[in-house]
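In numbering that gives the first Met the number 0, the protein residues as written are 0 to 127. Report on the structure given below.
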Amino acid sequence: MKRPKLLGVTVLTSIDQDILRDEIGIQHRMATQVKHLAKLALDAGLDGVVASPQDIEMIRSRCGSGFLIVTPGIRPSWAPPDDQKRTMTPKQAIARGADYLVIGRSVTAQPSPIKALELILKEIEKAG
Numbered sequence: 000m001k002r003p004k005l006l007g008v009t010v011l012t013s014i015d016q017d018i019l020r021d022e023i024g025i026q027h028r029m030a031t032q033v034k035h036l037a038k039l040a041l042d043a044g045l046d047g048v049v050a051s052p053q054d055i056e057m058i059r060s061r062c063g064s065g066f067l068i069v070t071p072g073i074r075p076s077w078a079p080p081d082d083q084k085r086t087m088t089p090k091q092a093i094a095r096g097a098d099y100l101v102i103g104r105s106v107t108a109q110p111s112p113i114k115a116l117e118l119i120l121k122e123i124e125k126a127g
């Protein structure tokens, strides 16, 4: 039996620089905080992190190619951002090297979730 993967979380995709500073009280730049938390997860022996797709390349360069990156905040090109601040399309996230995509309301809030999934799969197929 395979052991479960253990993941940490960097900065939520619903948080931008202003929220990080003004509401959470972290004065670092977003990139500095994300790199710090990803490295902390790596050093603690975690298998990867949940992080914004905008942070994939930065995390890869800091933690290596074997470190898993799970990306919420994935919005197909036709979907609104909702409350998410740091988003990307499925095609963009895959091109940057996401290991797993988390896609929620873009599917669940649609009148036809199956049709939404089909549209998303078409976008993903274009990523090659």
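Glycine included, every Cβ here is placed at the ideal spot set by N, Cα and C. As the structure is a prediction and not an experimental result, all values here were calculated from the model.
- The three-state reading of DSSP puts Met0 in coil, since its state is none of H, G, I, E or B.
- In its chain, beyond the 5 residues on either side, Ile73, Arg74, Pro75, Ser76 and Glu122 have a beta carbon closer than 8 Å to the beta carbon of Thr88.
- For Thr107, the uninterrupted alpha helix (DSSP H) segment begins and ends at Arg104 to Thr107.
- About 11 Å separates the CB atoms of Met29 and Leu36; that is not less than 8 Å, and the two are not in contact.
- When the five nearest sequence neighbours on each side are left out, the beta carbons in the same chain lying within less than 8 Å of the beta carbon of Ile58 are those of Thr9, Val33, Lys34, Ala37, Val48, Ala50, Phe66 and Ile68, in order along the chain.
- At a Cβ-Cβ threshold of 8 Å, Arg85 and Glu56 do not count as neighbours.
- Distance from the CA of Ile113 to the CA of Arg61, rounded to the nearest whole angstrom, comes to 37 Å.
- Burial state of Leu120 is exposed, judged by a 10 Å Cβ sphere holding fewer than 16 other Cβ atoms.
- At a cut-off of 3 residues, the continuous stretches assigned as beta strand (DSSP E) that sit fully inside the segment 26-111 are 47-49 and 67-70.
- Excluding the 5 residues flanking it on each side, Ala78 has same chain C-beta neighbours closer than 7 Å at Ser105, in chain order.
- Shown here for Asp15: same chain residues with a beta carbon closer than 8 Å to its own, the five before and five after excluded, namely Met29, Lys84 and Arg85 in chain order.
- A residue is called buried when at least 16 other Cβ atoms come within 10 angstroms of its Cβ; Gln53 meets this threshold and is buried.
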